[in-house]
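In the working numbering, the protein residues as written are 17 to 290. From the three backbone atoms N, C-alpha and C, an ideal C-beta is built for every residue, glycine too.
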């Protein structure tokens, strides 16, 4: 190779390699400190697009899980209220059975007063849990959970309807009283139907709870798996990057040493002129 004092080819090559190694070291440090393999679109444009898509899906699923859990909490409140109303209907049946019997020799007014008071309490509790005509929960509801291939498949429809009403009118006992044995027998018939109505509505609530719980389970699994897929694309392999950092440091040091050596090479020309 010719010796030139005008152009130091070795120095230029060493400088170019030093720049490359310094850039490699900088990117390696960035990956180690950020924890991400992809820190800019230039690192992996296609991978970044896929990872961002996964991240969006996970955000949607996590919000859907919160939506479903909110729905479950509301249904648990409704279920507790229905259980309490069911107990009160049982008490109404007990009072009506007592009043309808010829063996009862007490004052029907006493039984009727309690009967009326319980119906009033049923109305109050039914309003509290939203199961009255026009109530918040007396309708078919939808909970957006996400994770479906279409919007329709991302929605869980609750089984409650406009007929899911459990006040005394909805149960068909609002006009009943125990002022006579005949009325008590009529009340018993209506209370039997009311018990069946309550059972149907409790079944609707239970079915809705199960559907939401299944939806939560699926969405949680999807969120976990998609998060793992995103991590495989976006996150840095810390062990590999630590190894790369050591490699980059060695290369940078050797490049600097080579550059220093290349820069001193033209000085050897002076020995030829002595």
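According to DSSP, is residue i part of a helix, a strand, or is it coil?
| i | result |
| --- | --- |
| residue 139 | helix |
| residue 54 | coil |
| residue 160 | strand |
| residue 251 | strand |
| residue 221 | helix |
| residue 128 | helix |
| residue 122 | coil |
| residue 95 | helix |
| residue 237 | helix |
| residue 117 | coil |
| residue 60 | coil |
Please confirm whether residue i and residue j have their CB atoms less than 8 Å apart.
| i | j | result |
| --- | --- | --- |
| residue 194 | residue 112 | yes |
| residue 187 | residue 109 | no |
| residue 181 | residue 198 | no |
| residue 275 | residue 45 | no |
| residue 53 | residue 251 | yes |
| residue 163 | residue 234 | yes |
| residue 271 | residue 83 | no |
| residue 80 | residue 141 | no |
| residue 91 | residue 224 | yes |
| residue 189 | residue 203 | yes |
| residue 278 | residue 69 | no |
For residue i, tell me which candidate among the options has the shortest Cα-Cα distance.
| i | options | result |
| --- | --- | --- |
| residue 258 | 211, 49, 146 | 49 |
| residue 210 | 225, 261, 192 | 192 |
| residue 228 | 262, 243, 174 | 174 |
| residue 200 | 124, 98, 43, 58 | 124 |
| residue 231 | 68, 180, 39, 86 | 86 |
| residue 267 | 142, 155, 122, 37 | 37 |
| residue 263 | 165, 40, 163, 120 | 40 |
| residue 246 | 75, 31, 58 | 75 |
| residue 42 | 189, 31, 55 | 55 |
| residue 253 | 120, 25, 51 | 51 |
| residue 138 | 126, 106, 169 | 106 |
| residue 78 | 170, 223, 249, 277 | 170 |
| residue 269 | 35, 226, 28 | 35 |
| residue 127 | 29, 196, 256 | 196 |
| residue 12 | 185, 73, 190 | Given that the chain is displayed from residue 17 to residue 290, the structure contains no residue 12 and the question cannot be resolved. |
| residue 66 | 135, 248, 27, 225 | 248 |
| residue 255 | 120, 69, 57, 47 | 47 |
| residue 136 | 165, 215, 183 | 183 |
| residue 151 | 212, 25, 265, 94 | 94 |
| residue 226 | 172, 212, 213, 215 | 172 |
Within 8 Å of any Cβ in chain C, is that where the Cβ of residue i sits?
| i | result |
| --- | --- |
| residue 63 | Absent from the structure: chain C. Only one protein chain is present. |
*Touch check for the stretch 215-225 and the stretch 233-246: three-plus C-beta pairs under 8 Å?*
no
*Are the stretch 59-68 and the stretch 103-117 in contact at 8 Å, needing three or more beta carbon pairs?*
no
*Is it a yes or a no for the stretch 96-106 touching the stretch 127-145, going by three-plus beta-carbon pairs under 8 Å?*
yes
*Contact between the stretch 126-134 and the stretch 155-171: three or more CB pairs below 8 Å?*
no
*Could you tell me which uninterrupted beta strand (DSSP E) segments, each at least 3 residues in length, are contained entirely in the stretch 142-208, listed from first to last along the chain?*
158-160, 171-173
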